[in-house]
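Novice: Just dropping this structure here.
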Amino acid sequence: MSVTTSKPAASQSAAPPLPGTRADGTARLEIGGKTVELPVIVGSEGERGLDISKLRAQSGAITLDEGFVNTGSTTSAITYLDGENGILRYRGYPIEVLAEKCDFVEVAYLLIYGKLPNPAELDTFRTSLSHHTMIHEDMRNFYTGFPRDAHPMATLGSVVGALSTFYQDSLDVRDPRQVEVSVHRLISKLPTIAAYSHKKSCGQPLMYPRNDLGYCENFLHMMFAVPCEEYHVDPDFADALDMLLIVHADHEQNCSTSTVRMVGSSDANLFASISAGICALWGPLHGGANQACVEMLEKIGADGGNVRKYVDLAKKKDSGFRLMGFGHRVYKNYDPRAKLIKATCDKLLAKIARHDPIFDIAQQLEEVALADEYFIERKLYPNVDFYSGVIYRAMGIPVQMFTVLFAMGRLPGWIAHWIEMHHSPTKKICRPRQIYSGDTLREFVPIDKRP
Ligand code: CMC
159 MSVTTSKPAA SQSAAPPLPG TRADGTARLE IGGKTVELPV IVGSEGERGL
209 DISKLRAQSG AITLDEGFVN TGSTTSAITY LDGENGILRY RGYPIEVLAE
259 KCDFVEVAYL LIYGKLPNPA ELDTFRTSLS HHTMIHEDMR NFYTGFPRDA
309 HPMATLGSVV GALSTFYQDS LDVRDPRQVE VSVHRLISKL PTIAAYSHKK
359 SCGQPLMYPR NDLGYCENFL HMMFAVPCEE YHVDPDFADA LDMLLIVHAD
409 HEQNCSTSTV RMVGSSDANL FASISAGICA LWGPLHGGAN QACVEMLEKI
459 GADGGNVRKY VDLAKKKDSG FRLMGFGHRV YKNYDPRAKL IKATCDKLLA
509 KIARHDPIFD IAQQLEEVAL ADEYFIERKL YPNVDFYSGV IYRAMGIPVQ
559 MFTVLFAMGR LPGWIAHWIE MHHSPTKKIC RPRQIYSGDT LREFVPIDKR
609 P
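Quick note, my numbering runs 158 ahead of the 1-based positions in the sequence shown.
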């Protein structure tokens, strides 16, 4: 079998390329004595892909790529990620610019509607969001049913899934107005659902949202206020949280976003699709890494702070230990989000004049790992989860809530992808194939004859 590429010939009549892409000739694959032509597709930033959608029909073969390391599942116009050069852009705008000049609600608008809002559009969006912050009063009863020590990600996934039981008037995936209402409901209600999970875990009364506060201020208010006294949100905490939500807001076809697309491809409603995304995010190899990272740093601290010992341990394959918050499937350079988070971390800790030994350990660990041949060779750098937990700790957010905050940040990205998929002229239910590797036909043995 061999693959070669060539420029388009005048006579070739390929299908028109997908929006935002162009055709660039074909690759020829020789398999079983046959030659199959595979169109080469080029994206707006020059990324090239082979369109194999007709491969099985033409050759009888499929491609195999466990973990989708080398497989594009879709074209997308939302986020551009260049892992070699550490570049991340939402709708063409660099993450550094958005983190400096926008707030999270504005970035959510950008991701979902595809353009930066003008003042009137942003105002209408904010007003609509502030009208949906409460959850149905009966949903509050759910929280009495969950065990006190439930992980808040479990609660979050369940309650978001249950939105489809209470808001049945916005479940039709083909009705743009219903979709928009469910989008606004989700963005407004997620902080309320998240903060209630925390209140439940510490036995405090659930605080109603306050619509006179901004998105992050309102969340911090619901997290930390109690009915018996005044609570003032620290504006620096609100700003730091805003930046964290922005840098988490989208990251193209990651595990949870692909899950949202996969579930949504069956035309499951938006609440159900997002609930599935929350479950995918929970794992420690994905969003759960922020909790796992702080727990690792605490463990290193409790063990005397010997970072070299843990870097060496991470290099031993049979140890089962990895440096959490390190490495990335796509970034083979410093994660631009980690840079922004580390800078905010520095500023926030200086401002509140709090010395956090965990931050020291994180910095020492980074220094030792980045100078180590194992990490250099494999291009393993700190990722978004490495320093975010230090900021959350400084704000007083409990470690179990870290991944919930990741979910709050990622929500507009999930929504944008779900909508983009539904608008795609080539939308199909996601249904990967497999190479069967089990037993061939076996003869059935009755139970009394089995050894
Ligand atoms: N510590 C030690 N070794 C590592 C690490 C790490 N954190 N990450 C990767 N490696 C090694 C791995 O053992 C492998 O070595 P070899 O080539 O000798 O077999 C090589 O680097 C490539 O790793 P991989 O597992 O094949 O890479 P992947 O793209 O499948 O996995 C990852 C990416 C993020 C799951 C992985 O780097 C990891 O487990 N990191 C720790 C968990 C983490 O921080 N996750 C958050 C990711 S960023 C936010 C998000 O996506 O939610």
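Here a beta-carbon is modelled for each residue, glycine too, at the ideal position from N, C-alpha and C.
Just mark Thr598 as buried or exposed, buried being the case when its beta carbon has 16 or more other beta carbons within 10 Å.
Specialist: Counting from one through the sequence shown, the residue named residue 598 turns up at place 440. Burial call: exposed.
Novice: Extract the residue ranges of the alpha helix (DSSP H) inside the stretch 299 to 365, only unbroken runs of 4 or more that lie entirely within it.
Specialist: List check, alpha helix (DSSP H) in window: 310 to 324 and 334 to 360.
Novice: Hey, Phe300 and Ala278 are a contact pair by Cβ (cut 8 Å); roughly how many whole angstroms apart?
Specialist: What you label residue 300 is simply residue 142 of the sequence shown in a count that begins at 1. What you label residue 278 is simply residue 120 of the sequence shown in a count that begins at 1. Actually they are not in contact, since the Cβ atoms of Phe300 and Ala278 sit about 37 Å apart, beyond 8 Å.
Novice: Can you tell me whether DSSP reads Thr193 as helix, strand or coil?
Specialist: Here residue 193 corresponds to residue number 35 of the sequence shown, with the count starting at 1. The answer is strand: DSSP assigns Thr193 an E or B state.
Novice: Does Phe564 come out as helix, strand or coil in the three-state DSSP assignment?
Specialist: To locate residue 564, count along the sequence shown from 1; it is residue 406. In this structure, Phe564 counts as helix in the three-state DSSP scheme.
Novice: Thinking C-beta only, is Ala527 closer than 7 Å to Ile270?
Specialist: To locate residue 270, count along the sequence shown from 1; it is residue 112. To locate residue 527, count along the sequence shown from 1; it is residue 369. Not a contact, by the Cβ cut-off of 7 Å.
Novice: Do Leu176 and Phe262 count as a contact pair if the criterion is CB distance below 7 Å?
Specialist: Position 104 of the sequence shown, counted from the start, is the residue given in the question as residue 262. Position 18 of the sequence shown, counted from the start, is the residue given in the question as residue 176. Not closer than 7 Å, so no.
Novice: Thinking C-alpha only, which one of Glu242, Ala520, Gly567 and Val227 is nearest Leu344?
Specialist: Along the sequence shown, read from residue 1 onward, the residue named residue 344 stands at position 186. Ranking Glu242, Ala520, Gly567 and Val227 by Cα distance to Leu344 puts Gly567 first.
Novice: Report whether the distance from the Cβ of Ala472 to the nearest heavy atom of the ligand CMC is below 6 Å.
Specialist: Within the sequence shown, residue 472 is the residue found at index 314, counting from 1. Yes.
Novice: For Arg591, is the classification buried or exposed, using 16 other Cβ atoms within 10 angstroms of its Cβ as the cut-off for buried?
Specialist: For the purposes of this step, residue 591 is taken as the residue at position 433 of the sequence shown. By the 10 Å Cβ count, Arg591 comes out exposed.
Novice: With a Cβ-Cβ cutoff of 7 Å, do Asn448 and Asp543 count as a contact?
Specialist: Here residue 448 refers to the residue found at position 290 of the sequence shown. Here residue 543 refers to the residue found at position 385 of the sequence shown. For Asn448 and Asp543, yes; Cβs fall inside 7 Å.
Novice: Could you pull out every unbroken beta strand (DSSP E) segment of at least 3 residues lying fully inside the stretch 223 to 264, listed in chain order?
Specialist: The qualifying runs are 237 to 240 and 245 to 248.
Novice: Spatial neighbours of Glu242 within its chain, please: C-beta separation below 8 Å, excluding the five flanking residues on both sides.
Specialist: The residue given as residue 242 occupies position 84 in the sequence shown. Result list for Glu242: Lys490 and Asn491, in chain order.
Novice: Around the C-beta of Ser595, are 16 or more other C-beta atoms found within 10 angstroms, so that it is buried, or is it exposed?
Specialist: Here residue 595 is taken as the residue at index 437 of the sequence shown, counted from 1. It counts as exposed.
Novice: Using only alpha-carbon positions, find the residue among Leu187, Pro197, Pro310 and Glu375 that is nearest to His390.
Specialist: The count along the sequence shown starts at 1 and reaches residue 390 at position 232. Checking every option, the nearest Cα to that of His390 belongs to Glu375.
Novice: Kindly give me the distance between the Cβ atoms of Gly483 and Pro556, rounded to whole angstroms, as I take these residues to be in contact under 8 Å.
Specialist: Translated into the one-based positions of the sequence shown, residue 483 becomes position 325. Translated into the one-based positions of the sequence shown, residue 556 becomes position 398. Not a contact, Cβ separation roughly 18 Å.
Novice: Confirm, please, whether the CB-CB distance from Val562 to Leu314 is below 7 Å.
Specialist: Taking the sequence shown and counting its residues from 1, the one referred to as residue 314 is at position 156. Taking the sequence shown and counting its residues from 1, the one referred to as residue 562 is at position 404. Yes, they are a contact pair.
Novice: For Leu348, which option in Lys586, Lys585 and Pro570 has the closest C-alpha, if you only look at C-alpha atoms?
Specialist: Here residue 348 is taken as the residue at index 190 of the sequence shown, counted from 1. Out of Lys586, Lys585 and Pro570, Pro570 has the C-alpha closest to the C-alpha of Leu348.
Novice: Determine, using beta carbons only, whether Val318 and Ile458 come nearer to each other than 7 Å.
Specialist: Along the sequence shown, read from residue 1 onward, the residue named residue 318 stands at position 160. Along the sequence shown, read from residue 1 onward, the residue named residue 458 stands at position 300. It is not a contact, given that the beta carbons lie outside the stated cut-off.
Novice: If you drop the 5 nearest sequence neighbours on each side, which residues of the same chain put their C-beta closer than 6 Å to that of Ala434?
Specialist: For this step, residue 434 is matched to residue 276 along the sequence shown. Closer than 6 Å at the Cβ level, and outside the excluded window around Ala434, lie Thr417 and Val421.
Novice: Would DSSP call Thr417 helix, strand or coil?
Specialist: Locating residue 417 in the sequence shown gives position 259, counting from the first residue. Three-state DSSP puts Thr417 in a helix.
Novice: If you draw a straight line from the alpha carbon of Arg306 to that of Ala352, how long is it in whole angstroms?
Specialist: To locate residue 306, count along the sequence shown from 1; it is residue 148. To locate residue 352, count along the sequence shown from 1; it is residue 194. If I take the Cα positions, the gap works out to 14 Å.
Novice: Gly207 and Ile199: beta carbons closer than 7 Å?
Specialist: Taking the first residue of the sequence shown as 1, we reach residue 207 at position 49. Taking the first residue of the sequence shown as 1, we reach residue 199 at position 41. A contact, by the Cβ cut-off of 7 Å.
Novice: Can you look up Ile527 in the DSSP assignment and give me helix, strand or coil?
Specialist: As a working mapping, residue 527 is identified with position 369 in the sequence shown. Per the sequence shown, residue 527 should be read as Ala rather than Ile. Correct three-state label for Ala527: helix.
Novice: Let's see if you can read the secondary structure: which residues bound the alpha helix (DSSP H) around Thr274?
Specialist: Reading the sequence shown from its first residue, position 116 is the one you call residue 274. Going by the sequence as given, residue 274 is Leu instead of Thr. Taken as a continuous stretch (DSSP letters only), Leu274 belongs to no alpha helix (DSSP H), as it is neither H nor E.
Novice: Counting only the same chain and skipping the five closest in sequence on each side, list residues whose C-beta sits under 8 Å from that of Thr179.
Specialist: What you label residue 179 is simply residue 21 of the sequence shown in a count that begins at 1. Counting only Cβ-Cβ distances below 8 Å, and skipping sequence neighbours, we find Ile199, Val200, Gly201, Ser202 and Thr233.
Novice: Quick one: Cα of Thr291 to Cα of Thr184, how far?
Specialist: Start at 1 with the first residue of the sequence shown, and residue 291 comes out as number 133. Start at 1 with the first residue of the sequence shown, and residue 184 comes out as number 26. Those two C-alpha atoms are separated by around 51 Å.
Novice: For the ligand CMC, any of its heavy atoms closer than 6 Å to the Cβ of Phe382?
Specialist: The residue labelled residue 382 in the question sits at position 224 within the sequence shown. Outside the cutoff, so no.
Novice: With Val488 and Phe517 assumed to form a contact (beta carbons below 8 Å), what rounded beta-carbon distance in angstroms separates them?
Specialist: Position 330 of the sequence shown, counted from the first residue, corresponds to residue 488. Position 359 of the sequence shown, counted from the first residue, corresponds to residue 517. Wrong, their Cβ atoms sit about 26 Å apart, outside the cutoff.
Novice: Can you name the start and end residues of the alpha helix (DSSP H) that Arg551 belongs to?
Specialist: Position 393 of the sequence shown, counted from the first residue, corresponds to residue 551. Asp543 to Met553 is the extent of the alpha helix (DSSP H) around Arg551.
Novice: Output the residue ranges of the alpha helix (DSSP H) runs that lie fully inside the stretch 364 to 395 and measure 4 residues or longer, sorted by chain position.
Specialist: If we require 4 residues or more, the alpha helix (DSSP H) runs fully inside the stretch 364 to 395 come out as 373 to 382.
Novice: Put Leu187 into one of helix, strand or coil per three-state DSSP.
Specialist: Residue mapping note: residue 187 aligns to position 29 of the sequence shown, counting from 1. If DSSP states are grouped into helix, strand and coil, Leu187 belongs with the strands.
Novice: Residue range of the alpha helix (DSSP H) that Leu507 falls in?
Specialist: Your numbering for residue 507 matches position 349 in the sequence shown. Where Leu507 is concerned, the enclosing alpha helix (DSSP H) stretches over Pro494 to Lys509.
Novice: Hey, is Leu213 close to the ligand CMC, as in C-beta under 6 Å from one of its heavy atoms?
Specialist: Translated into the one-based positions of the sequence shown, residue 213 becomes position 55. Answer for Leu213: no, Cβ out of range of the ligand CMC.
Novice: For Leu208, which three-state DSSP category applies?
Specialist: Along the sequence shown, read from residue 1 onward, the residue named residue 208 stands at position 50. Here Leu208 sits in strand by DSSP.
Novice: Mark Ile587 as exposed unless 16 or more other C-beta atoms lie within 10 angstroms of its C-beta, in which case mark it buried.
Specialist: As a working mapping, residue 587 is identified with position 429 in the sequence shown. Exposed is the call here.
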